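From first to last, the protein sequence lines are chains A and B.
All you need for my numbering is the position in the first sequence, starting with 1, plus 67.
All you need for my numbering is the position in the second sequence, starting with 1, plus 6.
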Amino acid sequence: MSLDAITLSVIQAALQQTCDEMDLAFSRAAFSPVIAEANDRSDGIYSAIDGALIAQGSQGLPVFVGVMQHSTKTIIEMISDGRCLPPEEGDIYIVNDPYLGGTHLMDVRFAMPVWRKGKIFCWLSNTGHWPDIGGSVPGGFSASATAVEQEGLRLPPVKLFKKGVMDPEIYAIICSNIRVADQRIGDIRAQAAALHVGQDRLFQILDRYGDETVITAIAELRRRAAEQMRAHISALPDGTYQSKAFVDSDGVVDAPLTIALSIEKTGETLTFDFASSSKPCVGPMNSVLATTLSSVYLAMRHIFPDVPISAGAFEPLLIKRPEGTFLDAHYPRPVSGCAAEVSQRIAEAVFAAMVQAAPENVTAAPAGSSGNFALGGNDPSRGRDYVMYQISGGGYGGNAGHDGLSNGCSTIGISKSPPVEIMEQAYPVLYRQYALREGSGGAGRHRGGFGLAYEIELLRGEARASFVMDHGRFGPQGALGGKDGAVNVVTVFRDGQPHVPPHLSKEQDIPLKAGDRVLVGTPGGGGYGDALSREPELVLRDVALGYYTRAQAAEMFGVAVDDAGVDVEATARLRRDA
Amino acid sequence: MDEKIPAMAGNVVAGIDVGGTFTDLLLVDGADGGAIHIAKTPTTIENQAHGVIAALAETGFPIAGIDLIVHGTTTTTNAVLERRLAITGMITTRGFRDVIELGRRTRPQPYGMTGVFVPVIPRNLRLEVSERVEASGRVREALDEDGMRASVRELIDAGCEALVIHFLHSYANPTHERRAAEIARELWPNGHITTGHSLLSEAREFERGVTASVNAAVQPILERYIARLRQELATRGYARDFLIMNGNGGMISARFVTREAAKTVMSGPASGVIAAAYTGRRAGFENLVTYDMGGTSTDVALILNAEPAVSNEIEIEYAMPIHVPMVAVHTVGAGGGSIARVDASGLIQVGPDSAGANPGPICYGRGGSEPTITDANLVLGRLDPKKLLAVDNPVTVEAVRKIFENSIGKAIGLDGTAAAGAVLRLGNIRMAGAIRMVSVSRGHDPRDFTLFAFGGAGPLHASALARELGLPRVLVPARPGITNALGCVVADLRHDFVNTVNQPVAMLDEDRVRDVLARHRADGEALIAKEAIRPKSIRVSHSADMQFVGQTHIINVPLPSPEVDRATLQGLFEKAYFARFKVDLPEIRANLVNLNTSVTGVRPDIDLSRLIDPAGRAPTLAEALRQTRPVWFDGNWRDTPVYLRDKLPLNAEIEGPAILEQMDATAVLEPGDRAHSDRDGNIIVEVGGTG
């Protein structure tokens, strides 16, 4: 059977809509702010045969692009070789094992087979970031973990729902191993309800167009998505594009980790080779294979956002398995940093290589860090313990059309940061400033966006500060002659004395008492193109707005600004001598 | 419980809506049995007052004889979207001047690491003073009054016309903002001073700051516009007060409107929704999805039990939240100008690019060369090329068809007509999907709803969309093209109040809840008493925003009476939550987030039965037939009767396919539809094939 372009387009829109409605249902019903507000979740439809991605919600967290096809594939394999109980109608499997096609332990996946005429038609799966999954620190981001057991409870695929009913025993085991367990029932119900929303919509599509037509359409859509990606690739010049990106340290050993990428473009395919990257690390900055692949996918989707997310889109991207590197970690390597930080460095490496091939489509490097600052302590005036998370954005890279955006969210995220006023209501802290970080945007014809500068004072009691950030050693890379953005800086003032974390962007459990302060400057975006070719009038405007000082205008852009405006002659001189 | 107040004296009411292209006027002459006067004139962008006066003149009705003018305006909306704002300064807490520029760490779209954002107030006009209030409301650092004075002078010297004072935690303790405003008033040359807490007394410094900034930056612009209009009207003999449509769907005196100017940014869309609610109630359809399709975007809103949904969290564009109670109108980025193309994989895509108003669709003859939804309607015989408004150089249907063939059809093996049919179908599916996300997918059963289609293009697509959405019925009002102006005519006086409680229901002080609701009511009644016109009655409705403890999203729960207790609140919430999510959570306690009240001064009913002049109606359907022309439905040309809407007999029964044409709108009945007219001249379409 062959389908006409109209039916295909209609079914494509309907499958996409199904996933978008699952995303919406999950977020709106969820309890955990990480899911409900930060949308740290994703929903999709997967092949019954091999788990290949059929469609995924457009508002899902980018880092989950493609991840669930690996975990669904694993479940299908484990069912067929008997390691998993066979599915029955109404069953939902739960899994969070990073090494079985996942990310870090906090990302918990549900997978539900959809039954049609007594057979599995496809799988629906979703991932939600749970606020806690046990382990040595609340929230799971232990910067000093050296084995996955320290990071929390690890679940192989097991049936949480059997024939539509939740298994109270498995639920009890989970609740006995995680913090703030009483609210998880709300998230579990929301996560399961989203799958049912998807199933209802899917049945409507199947009833309307017929199962056979939809099956044919799915195969054809996959083929066409591959074609679309190939069309983009074939427009790039043949060649090899190389790049490097660095993780400051693994949190335990103070040495940078290198992501070395070589992309070879031939005809209609891109081959990604990470073989020269660093070895697996002691601390939690390892990545599992599924996350590494997904990081490449999400970077490519940032570059070509018009290609629908499906297994077909990934076909022309040949990613060599980076065996023996920290990008393909095995049990029991700790992995909590893989989704939040390492994934963003992988994406940065992809951007830095691809901008050479597709300068119109790719930006200079964005800040690319989730900027996790956790403060845990006891508030004596309320008599209770708390854990506060401050996530922060940074500057985006300049690009062919514009300067970079300031204080954008992480490359792999779409979540908003919390308001200062809400943080001060909830925790014994006072923000002394929350400001644009002047001068941080990397110089370029189109400069990078600016990072954030914030300073927090502990008002009462004692607390411990932990940081999982990055780009402390090297700023986000400039592109095509543009300069790097400013590096991330963390300074902790204890008794007025400054302390800088030895690993710059990562440290755990720094003790604080009332009056101590934490000062963070997040990275600026990389500049794009030669800074000396930036319009002097734009530099003048940037100085007038206080983004750069006059000295920086001269030094970074070769533009002389005085009270009267741009000094044309002096500028010509500066640019000639530069 | 309605309280009777003498009804207003005058009964010649003119509603005037200024849209992007046209200024629409609807005048109802109560003295002449509800006689209707209608005018449509081009909008005069630079000074909207000229278009308003031209519309009034076009009716031929003496301006001095009008008792009440109600006006919906896009002055402030356009000012914000185009950043044609008054030069505005901000004075804020030391360390926080960048709050409105940094936002909440976002980007405009999930994929694509680019974006551009221009704050309402540029950074060099945002100054800081020393002062600090803690989250509890306790003053930590006194306001530096000398520093305040110096900053005010600096902003005056910089040429600022409006001023925002935005301090941290001013919702908890506004004394610093108030004192700072006093100081500023001594020096500021005009009254354009907005304090953060006065519009929105809630935590969240970015949203409150942007709301206040938008308010200040549009205030002088709105004030100038009101003054010009007032003067234009006065010289023509209308010296009375007039009313402005607010974003909450209520009217407010032009004398007071500038104080909370930000509330007018949704003036136009709100009036359309108000008209829909009013029309629907008279027609017996109280649950509506409203659908107003324009050139670049489509506005969608939900009406439950004849009450438009109100939201406190509207974002009018990327990173531009305006958090005051406004009718919850969702804008979907698809309209008549949405461009169709075939992508690299050979699939048809419609939008998100739009030809907008310029160059617009190909058929407008302004140089547009890419096929749009409007062009598809033309090729398929749904639109009559002779009846297009706003055409510069007519383009032949054949030429448009050729473009469909070349740019769409060739790639997928279709001729020009079939390609246009495919574009229309895809466009409808995309639009239906976007509408679902903001309406029925939020826990409502589509079978309970009627699609209320208005605007020039809404009725063209309504029946096809209703099929996609599973809505059984479409209501096309008598005058779809002037629905917003009708909203102005029928709107009530309205004031909304919100108080944040944020406490578990089990710990609530019931007396305090009742006190808050009673105070809302008293404040609303006092405000309405200040207006020049007298409503016929006052209607008060209360609701609670609630969630389970630990959640961040809220759902709105209507309260049947202000005499609520804890058990009632818990029960109402659990019921509403189950209806929305099909989830019971007996293990978890409920939380009361906000208490809301709206106080409405109900205006006298306006008779809509003469919107289409009864004298013009033909005695039989056959006599209303203008022509029969071929129209493309489901892959075939079908000879389709085209009726003149104004001539349809009131008892007409029409079977699809059919086309109903009137001055500014065209409605399409798909094959299988059955339609009839009601006493107000609405066409009610029972959609075929949704069973």
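Every residue, glycine too, gets a C-beta built ideally from N, C-alpha and C.
Just so it is clear, the structure is predicted and the values come from calculations on it, not from any experiment.
The beta carbon of I354 (chain B) sits closer than 8 Å to the beta carbons of A346, R347, V348, I414, I418, A428, V429, L432 from its chain, once the five residues preceding and following it are set aside; these are given in chain order. For E137 (chain B), there is no enclosing alpha helix (DSSP H), as DSSP marks it with neither H nor E. A distance below 8 Å separates the beta carbons of N490 (chain B) and D30 (chain B).
Residue burial annotation: W194 (chain B) is buried, with at least 16 other C-beta atoms found within 10 angstroms of its C-beta. In the DSSP annotation of this structure, the continuous segment of the beta strand (DSSP E) that includes S533 (chain A) starts and ends at 529–535. Here the region 438–458 of chain A lies against the region 471–488 of chain A, with 3 or more beta-carbon pairs under 8 Å apart. By the neighbour-count criterion, in which a residue is buried when 16 or more other Cβ atoms sit within 10 angstroms of its Cβ, H196 (chain A) is buried. Under the 8 Å criterion on CB atoms, C476 (chain A) is classed as interfacial with respect to chain B. Listed along chain B are M443, S447, each with a C-beta nearer than 7 Å to that of L91 (chain A). I330 (chain A) has a beta carbon lying at 8 Å or more from every beta carbon in chain B.
Beta-bridge annotation (DSSP): A340 (chain B) is not paired with any residue.
Taking every protein chain shown into account, the CB of Y324 (chain B) has fewer than 16 other CB atoms within 10 angstroms, so this residue is exposed.
When 7 Å is used as the limit between beta carbons, A209 (chain B) is near these residues of chain A: P486, E488, I489, Q492, in chain order.
According to the DSSP assignment, K581 (chain B) belongs to no beta strand (DSSP E) but to the alpha helix (DSSP H) extending over 572–587.
When secondary structure is reduced to three states using DSSP, M257 (chain B) falls in the strand class.
R451 (chain A) and R527 (chain A) have their C-alpha atoms roughly 12 Å apart. Shown here for P590 (chain A): same chain residues with a beta carbon closer than 8 Å to its own, the five before and five after excluded, namely A434, G435, S436, G461, G462, S507, G518, H538, G542, P543, G552, A553, V554, N555 in chain order.
A direct Cα-Cα distance of roughly 27 Å separates A493 (chain A) from L91 (chain A). Annotated as proximal: M179 (chain A) and L191 (chain A), with beta-carbon spacing under 8 Å. Where K140 (chain A) is concerned, the enclosing alpha helix (DSSP H) starts and stops at 134–147. Separation of L174 (chain B) and V139 (chain B) (C-alpha to C-alpha, rounded to the nearest whole angstrom) is 7 Å.
In the DSSP assignment, F177 (chain A) falls within the beta strand (DSSP E) that extends over 174–183. A212 (chain A) has its alpha-carbon roughly 13 Å from the corresponding atom of G206 (chain A).
Nearest to C86 (chain A) by C-alpha distance, out of A:A122, A:V417, A:S329, A:F98, is A:A122.
Straight through space, the alpha carbons of Q576 (chain B) and A312 (chain A) are spaced by roughly 53 Å.
Taking CB atoms only, T201 (chain B) has no neighbour in chain A less than 8 Å away.
By the Cβ criterion, the region 172–187 of chain B is in contact with the region 131–148 of chain B, since at least three pairs of Cβ atoms, one from each stretch, lie closer than 8 Å.
In this structure, the beta-carbon distance from A260 (chain A) to F554 (chain B) does not fall below 8 Å. Comparing alpha-carbon positions, the option among A:L273, A:G379, A:Q564, A:Y166 lying closest to R297 (chain A) turns out to be A:G379. By the neighbour-count definition (other C-beta atoms within 10 Å, threshold 16), R525 (chain B) is an exposed residue. Only those residues of the region 86–119 of chain A whose C-beta falls short of 7 Å from the nearest C-beta of chain B are listed: D87, E88, L91, R95, A96, F98, P100, A103, E104. Under the Cβ criterion of 8 Å, Y308 (chain A) is not counted among the residues facing chain B. Look at L108 (chain B): its C-beta is under 8 Å from a C-beta on chain A.
For P128 (chain B), the chain A residues whose C-beta falls within less than 7 Å of its own C-beta are L612, listed in chain order. Per the C-alpha coordinates, the member of B:A424, B:R545, B:T574 positioned closest to R527 (chain B) is B:R545.
By a beta-carbon distance limit of 8 Å, Y113 (chain A) does not contact A105 (chain A). Their separation comes to about 24 Å.
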